[in-house]
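Novice:
Following this line, the structure appears as structure tokens:
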């Protein structure tokens, strides 16, 4: 069965620090990969997605993620975080041809001003 | 604004009461989904509808029923609410095809006492 692991449940950073959030998935075949962000009190919004091509994907607000197939990983990065990046981040995986997405348990990021 | 609209935003129920959560999208998406979000557990799929006229169970369907009323609307019904169903419920929609990602509604915060 597919699964998604986000090992960092809570991360606290100061503004301007670099960010890397881990995401590992378990699935033997081709996958589509996503990162969603949920700002306090809001619904989930798509940050970026990967389904083929360049494994380094750039998303909104300066976020990027790198797909490393050999490690089954899709880590999210940002060189310099801002206070406004305080949110919960969810990694999700979907197998092509299916309608279901599997979400990780989320990483709660707090950025200190 | 185009998107996914959920009603109500907040609801308190007594154990054993029933209610229906409404969801409508105006993006002409084929697929619609209901998730529940619980602390430390991420998002779990309750039911989904790949296209108008079809519905399928997700990870946690027990205690819920759904109706895909038409292409726009997908409702979730709790027949006899239980405290374990206290959660935040999100409706989402997507294009047919698996790599577009979801558009989420703003959520319904349900408390069962």
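Protein chains in written order, with the numbering used here: chain A, 1 to 113; chain B, 114 to 226.
Ideal placement from N, C-alpha and C gives every residue a C-beta, glycine not left out.
Got a sec, what are the start and stop residues for the beta strand (DSSP E) residue 63/A sits in?
Specialist: Careful: residue 63/A lies outside any beta strand (DSSP E) and carries neither H nor E.
Novice: Taking only heavy atoms of the ligand NAP into account, decide whether any of them is closer than 7 angstroms to the Cβ of residue 108/A.
Specialist: The model depicted lacks the ligand NAP and carries no ligand whatsoever.
Novice: In whole angstroms, what separates the C-alpha of residue 217/B from that of residue 70/A?
Specialist: Taking the straight line from one Cα to the other gives about 31 angstroms.
Novice: Counting only the same chain and skipping the five closest in sequence on each side, list residues whose C-beta sits under 7 angstroms from that of residue 31/A.
Specialist: Excluding sequence neighbours, residue 31/A sits near 25, 93, 94, 95.
Novice: Assign residue 18/A to buried or exposed, taking buried as 16 or more other Cβ atoms, counted over all protein chains shown, within 10 Å of its Cβ.
Specialist: So residue 18/A counts as exposed.
Novice: Give me the Cα-Cα distance between residue 181/B and residue 84/A, rounded to the nearest whole angstrom.
Specialist: Whole-angstrom Cα-Cα distance: 37 angstroms.
Novice: For the beta strand (DSSP E) that contains residue 92/A, what are its first and last residues?
Specialist: Counting along the chain, the beta strand (DSSP E) containing residue 92/A begins and ends at 87 to 94.
Novice: With a threshold of 6 angstroms on Cβ separation, who are the neighbours of residue 166/B within its own chain once the five nearest residues in sequence on each side are excluded?
Specialist: Result list for residue 166/B: empty, nothing under 6 angstroms.
Novice: Excluding five sequence neighbours on each side, which residues of the same chain lie with their C-beta closer than 6 angstroms to the C-beta of residue 50/A?
Specialist: 33, 57, 67.
Novice: Report yes or no: do three or more beta-carbon pairs, one from the region 142 to 149 of chain B and one from the region 190 to 205 of chain B, lie closer than 8 angstroms?
Specialist: Contact between the region 142 to 149 of chain B and the region 190 to 205 of chain B is present, because at least three Cβ pairs lie under 8 angstroms.
Novice: Would a C-beta distance cut-off of 8 angstroms place residue 188/B and residue 120/B closer than the cut-off?
Specialist: The answer is no: Cβ separation not under 8 angstroms.
Novice: Can you check which of these residues, 14/A, 47/A, 21/A, is closest to residue 7/A by C-alpha distance?
Specialist: Cα-wise, what sits closest to residue 7/A is 21/A.
Novice: Using a Cβ cut-off of 7 angstroms, which residues of the region 121 to 153 of chain B contact any Cβ in chain A, in chain order?
Specialist: So the list reads 144, 153, given in the order they occur along the chain.
Novice: Between residue 105/A and chain B, is there a C-beta pair that is closer than 8 angstroms?
Specialist: It does: the Cβ of residue 105/A has a partner Cβ on chain B nearer than 8 angstroms.
Novice: Using DSSP bridges, identify the partner residues of residue 145/B.
Specialist: Answer is 162/B, 206/B, bridged to residue 145/B.
Novice: Determine the burial state of residue 112/A: buried for a count of at least 16 other Cβ atoms within 10 Å of its Cβ, exposed for fewer.
Specialist: When all chains shown are included, residue 112/A counts as exposed.
Novice: Shortest alpha-carbon distance to residue 100/A belongs to which of 176/B, 225/B, 156/B?
Specialist: When only C-alpha atoms are compared, the closest one is 156/B.
Novice: If we define contact as Cβ-Cβ less than 8 angstroms, is residue 182/B a contact residue for chain A?
Specialist: So no, residue 182/B is outside the interface.
Novice: Alpha carbon to alpha carbon, how far is residue 76/A from residue 39/A? Give it in angstroms, no decimals.
Specialist: Computed Cα separation, rounded: 16 angstroms.
Novice: Measuring straight from C-alpha to C-alpha, what distance separates residue 142/B and residue 98/A?
Specialist: Those two C-alpha atoms are separated by around 16 angstroms.
Novice: Which word fits residue 9/A, buried or exposed, when buried means at least 16 other C-beta atoms lie within 10 angstroms of its C-beta?
Specialist: Classification of residue 9/A: exposed, given that the 10 Å Cβ count is below 16.
Novice: Out of 29/A, 64/A, 41/A, 27/A, which one is the CA nearest neighbour of residue 81/A?
Specialist: Among 29/A, 64/A, 41/A, 27/A, the Cα nearest to that of residue 81/A is on 64/A.
Novice: With a CB to CB cut of under 7 angstroms and the five nearest residues on each side skipped, what residues in its chain are close to residue 124/B?
Specialist: Cβ neighbours of residue 124/B beyond the five flanking positions: 132, 221, 223.
Novice: Check residue 58/A in the structure and name its three-state DSSP category.
Specialist: Residue 58/A falls in the strand class under three-state DSSP.
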